[in-house]
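**Student:** Below is a structure I'd like to ask you about.
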RNA sequence: GGCCCCUUCGUCUAGCGGUUAGGACGUCGGCCUCUCACGCCGAAAACAUGGGUUCAAGUCCCGUAGGGGUCACCA
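Okay, structure coming up:
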């Protein structure tokens with residue numbers, strides 16, 4: 001068998017959605033695993049809602065995730081153009097073939113007539129189906145018309161879904177549906193199918209909200225004399241309330257997660273794990289995913305998007321970065337927070353401290369602002385630790401540091417322990433006031449690391465300020 | 001409502017006739033400890049339900065309930 005050709009075909013009506021991203025990912029993974037081809041096609045036939053901005057946002061999201069395409073916008077390919085609005089002639093020609101072959105017909109009914117029929121059906125509490133009004137009317141291209149596909153009235157179509165198994169659709173549930181609108185623009189079912197045929201797509205993997213379209217499309221493939229592709233319908237991603245994931249459930253755009261400080265690999269990792277699994281493994285590199293992914297292992301049940309777990313996955317990815325890589329990744333987030341960080345030794349020290357503490361890059365910047373701006377003294381911390389009793393302790397630490405030429409962990413440790421033991425105190429009694437003095441709060445990395453990242457001079461200055469406050 | 005799909009801890013899932021039903025996130029204890037975090041140890045927590053089939057059912061079949069999807073000159 002020759003390598004498969006797969007595609008991702010988003011409508012540019014908004015940003016790249018988490019659900020769409022997973023669909024794209026599964027297609028991409030299979031293409032990369034099998035040495036197949038991954039095509040990106042833009043289904044922009046909904047002119048009301050499609051925007052150029054959305055196209056850019058989607059490509060941007062795809063690129064950020066690392067899902068590169070072999071054919072499509074900006075890269076071209078032998079089956080272009082890759083925007084549906086530039087392929088109108090192709091759909092028209094295919095529709096005409098169907099009309100000439102008697103498999104489709106022109107329908108002159110107006111929207112109003114159809115709507116009236118629908119309302120009547122509703123009033124009578126029965127199912128509306130196109131009554132076949134124009135089925136036998138002669139073709140008159142000069143009259144405004146839509147093109148309808150002639151659906152068979154009896155029998156059933158069965159296909160084997162790669163994730164759901166055999167699915168049967170009785171033909172009496174189908175109707176002569178519109179494939180070409182009055183303005184010559186194809187409807188989804190037809191445009192996608194004509195593109196899939198002309199682009200040589202051999203495996204269609206899409207959201208399972210499309211299962212009901214599949215039998216109709218197979219019928220159209222057959223009418224056009226084309227071999228239907230294999231189908232894999234991916235279960236939806238749901239929100240916590242088990243309805244379709246939407247903005248109500250929180251951020252749903254891929255780029256929103258980028259901006260919140262998620263790593264693309266982590267997002268891919270998490271997305272892959274909803275609906276797909278490989279034994280007990282949770283963390284996968286992109287290479288592993290490519291090597292292990294199989295539609296065989298995609299589950300049939302819809303999955304709830306779990307932000308907590310994604311955060312955990314992101315943390316796992318974050319901590320796998322070395323200091324330099326983490327510093328580089330976090331730098332833009334410090335800048336975005338208005339903090340004058342540089343890609344230098346100090347930032348790498350901070351990265352080392354952040355590794356086990358911050359789960360996103362934004363958290364890195366958020367947790368360690370005090371290294372780049374004056375402390376924001378927490379009132380509770382001040383009341384508890386910057387009290388007269390702390391004065392001598394702070395002063396002793398201050399003097400000890402002042403005497404050190406260049407502080408290091410071992411020296412600082414000796415200093416703090418000496419101060420504590422000299423007074424019969426636990427280490428915490430000394431470390432906490434210092435921590436408040438240097439960071440403004442009671443929670444931070446090791447106090448020695450904080451001193452080191454802050455630097456001798458800044459540490460002394462903050463200690464002096466705290467001594468004054470302690471009185 | 002018609003049609004289609006789905007149903008293992010709160011969530012993601014492993015399981016592919018014989019398991020003390022496993023892992024992960026989250027939650028709750030404990031340990032570690034200069035605080036926080038990490039880490040480690042432990043706990044609570046699931047086969048929707050009723051019938052079959054079988055020596056044996058979370059695993060196969062049917063029904064019921066629940067959930068989701070879809071019924072446009074949207075995609």
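In the numbering used here, the protein residues as written are 1 to 471.
For each residue, glycine too, the CB sits at the ideal point set by N, CA and C.
Fair warning: this is a prediction, and the values are worked out from it, not measured in the lab.
(1) Just mark residue 336 as buried or exposed, buried being the case when its beta carbon has 16 or more other beta carbons within 10 Å.
(2) Can you find at least 3 beta carbon pairs, one from the stretch 405 to 413 and one from the stretch 338 to 356, that sit closer than 8 angstroms?
(3) Can you tell me which of 147, 204, 185 and 181 puts its alpha carbon nearest to the alpha carbon of residue 161?
(4) Could you pull out every unbroken beta strand (DSSP E) segment of at least 3 residues lying fully inside the stretch 86 to 165, listed in chain order?
(5) From the DSSP output, in three-state form, read off residue 456 for me.
(6) What span of residues does the alpha helix (DSSP H) with residue 23 cover, start to end?
(7) Inspect the CB distances between the stretch 44 to 51 and the stretch 290 to 307 and report whether three or more fall short of 8 angstroms.
(8) Is it true that the CB of residue 228 sits closer than 8 angstroms to the CB of residue 91?
(9) Hey, residue 365 and residue 351 are a contact pair by Cβ (cut 8 angstroms); roughly how many whole angstroms apart?
(10) What is the residue span of the alpha helix (DSSP H) that residue 37 lies within?
(11) How many angstroms separate the CA atom of residue 156 from the CA atom of residue 110?
(12) Locate the beta strand (DSSP E) running through residue 207, then write down its first and last residues.
(13) Could you say which of 324, 93 and 237 lies nearest to residue 21 if we only look at CA atoms?
(14) In three-state terms, what does DSSP make of residue 244?
(15) Can you tell me which of 416, 266, 294 and 355 puts its alpha carbon nearest to the alpha carbon of residue 279?
(16) Return the Cβ separation of residue 30 and residue 12 in integer angstroms, given the expectation that the two are a contact with Cβ distance under 8 angstroms.
(17) Look at residue 139 and residue 99 and say whether their C-beta atoms are less than 8 angstroms apart.
(18) Residues bridged to residue 186 by DSSP?
(19) Considering only C-alpha positions, which residue in the set 241, 18, 23 and 2 is nearest to residue 9?
(20) Mark residue 104 as exposed unless 16 or more other C-beta atoms lie within 10 angstroms of its C-beta, in which case mark it buried.
(21) Tell me which same chain residues have a C-beta within less than 6 angstroms of the C-beta of residue 462, skipping the five on either side of it?
(22) Check whether the Cβ atoms of residue 252 and residue 17 sit closer than 8 angstroms, and answer yes or no.
(23) So what does DSSP say about residue 232, is it helix, strand or coil?
(24) Nearest to residue 389 by alpha carbon, out of 441, 248 and 467?
(25) Return the chain-ordered list of same chain residues with a C-beta closer than 6 angstroms to the C-beta of residue 302, the five sequence neighbours on each side being excluded.
(26) What does DSSP give as the partner residue(s) for residue 71 in the beta ladder?
(27) Please determine if the stretch 53 to 73 and the stretch 114 to 122 are in contact, where contact requires at least 3 C-beta pairs separated by less than 8 angstroms.
(28) Specify the secondary structure class of residue 387 as computed by DSSP and reduced to three states.
(29) Just to confirm the assignment, what range does the beta strand (DSSP E) spanning residue 359 have?
(30) Which residue's Cα is closest to the Cα of residue 378: 74, 360, 340 and 440?
**Tutor:** In this structure, then:
(1) Within the first chain, residue 336 is the residue found at index 336, counting from 1. With fewer than 16 other CB atoms across the displayed protein chains lying within 10 angstroms of its CB, residue 336 is exposed.
(2) Output reads no: the stretch 338 to 356 does not touch the stretch 405 to 413.
(3) Residue 161 sits at position 161 when you count from the first residue of the first chain. Ranking 147, 204, 185 and 181 by Cα distance to residue 161 puts 204 first.
(4) As for any beta strand (DSSP E) of minimum length 3 sitting wholly inside the stretch 86 to 165, the runs are 104 to 107, 146 to 149 and 156 to 161, ordered along the chain.
(5) What you label residue 456 is simply residue 456 of the first chain in a count that begins at 1. If DSSP states are grouped into helix, strand and coil, residue 456 belongs with the helices.
(6) As a first step, residue 23 is located in the first chain; it is residue number 23 there, counting from the start. It spans 18 to 34 - the alpha helix (DSSP H) in which residue 23 sits, taken as one unbroken run.
(7) Using a Cβ-Cβ distance cut-off of 8 angstroms, the stretch 44 to 51 and the stretch 290 to 307 are not in contact, since fewer than three pairs of beta carbons, one from each stretch, lie closer than that value.
(8) By 1-based counting over the first chain, the position of residue 91 is 91. By 1-based counting over the first chain, the position of residue 228 is 228. In this structure, residue 228 does not lie closer than 8 angstroms to residue 91 by Cβ.
(9) Against the first chain, residue 365 aligns to sequence position 365. Against the first chain, residue 351 aligns to sequence position 351. Here residue 365 is actually not in contact with residue 351; their C-beta atoms are around 11 angstroms apart, not less than 8 angstroms.
(10) One-based indexing of the first chain puts residue 37 at position 37. Here residue 37 belongs to no alpha helix (DSSP H); instead the beta strand (DSSP E) covers 37 to 40.
(11) In the first chain, counting from the first residue as 1, residue 156 sits at position 156. In the first chain, counting from the first residue as 1, residue 110 sits at position 110. Between the alpha carbons of residue 156 and residue 110 lies a distance of about 30 angstroms.
(12) To locate residue 207, count along the first chain from 1; it is residue 207. Note, residue 207: beta strand (DSSP E), 203 to 207.
(13) If you number the first chain from 1, residue 21 lands on position 21. Considering only alpha carbons, the answer is 237.
(14) By 1-based counting over the first chain, the position of residue 244 is 244. In this structure, residue 244 counts as strand in the three-state DSSP scheme.
(15) On the first chain, residue 279 is found 279 positions in, with the first residue counted as 1. Looking only at 416, 266, 294 and 355, the smallest Cα-Cα distance to residue 279 is reached by 294.
(16) Here residue 30 corresponds to residue number 30 of the first chain, with the count starting at 1. Here residue 12 corresponds to residue number 12 of the first chain, with the count starting at 1. Approximately 24 angstroms separates the beta-carbon atoms of residue 30 and residue 12; this is outside 8 angstroms, ruling out the contact.
(17) Sequence index remark: in the first chain, residue 139 carries index 139 (1-based). Sequence index remark: in the first chain, residue 99 carries index 99 (1-based). Yes, Cβ-Cβ distance for residue 139 and residue 99 is below 8 angstroms.
(18) Taking the first chain and counting its residues from 1, the one referred to as residue 186 is at position 186. In DSSP, residue 186 forms a bridge with 180.
(19) As a first step, residue 9 is located in the first chain; it is residue number 9 there, counting from the start. Measuring from the Cα of residue 9, the nearest candidate turns out to be 23.
(20) Reading the first chain from its first residue, position 104 is the one you call residue 104. Buried: at least 16 other Cβ atoms inside 10 Å.
(21) Numbered from 1 along the first chain, position 462 holds the residue referred to as residue 462. Taken in chain order, the residues that qualify are 437 and 438.
(22) What you label residue 252 is simply residue 252 of the first chain in a count that begins at 1. What you label residue 17 is simply residue 17 of the first chain in a count that begins at 1. Between residue 252 and residue 17, the C-beta gap is smaller than 8 angstroms, which places the two residues in contact.
(23) Sequence index remark: in the first chain, residue 232 carries index 232 (1-based). When DSSP states are grouped into helix, strand and coil, residue 232 belongs to the strand group.
(24) As a first step, residue 389 is located in the first chain; it is residue number 389 there, counting from the start. Distances from the alpha-carbon of residue 389 to those of 441, 248 and 467 put 467 closest.
(25) Sequence index remark: in the first chain, residue 302 carries index 302 (1-based). Correct list, in chain order: 235, 236 and 238.
(26) Here the question's residue 71 lines up with position 71 in the first chain. Bridge partners of residue 71: 39.
(27) With a cut-off of 8 angstroms, the stretch 114 to 122 and the stretch 53 to 73 do not count as touching, because too few Cβ pairs lie within range.
(28) As a first step, residue 387 is located in the first chain; it is residue number 387 there, counting from the start. Coil, per DSSP.
(29) For the purposes of this step, residue 359 is taken as residue 359 along the first chain, with counting starting at 1. That residue, residue 359, is in no beta strand (DSSP E); it is neither H nor E in DSSP.
(30) One-based indexing of the first chain puts residue 378 at position 378. Closest in C-alpha terms to residue 378, from the list 74, 360, 340 and 440, comes 440.
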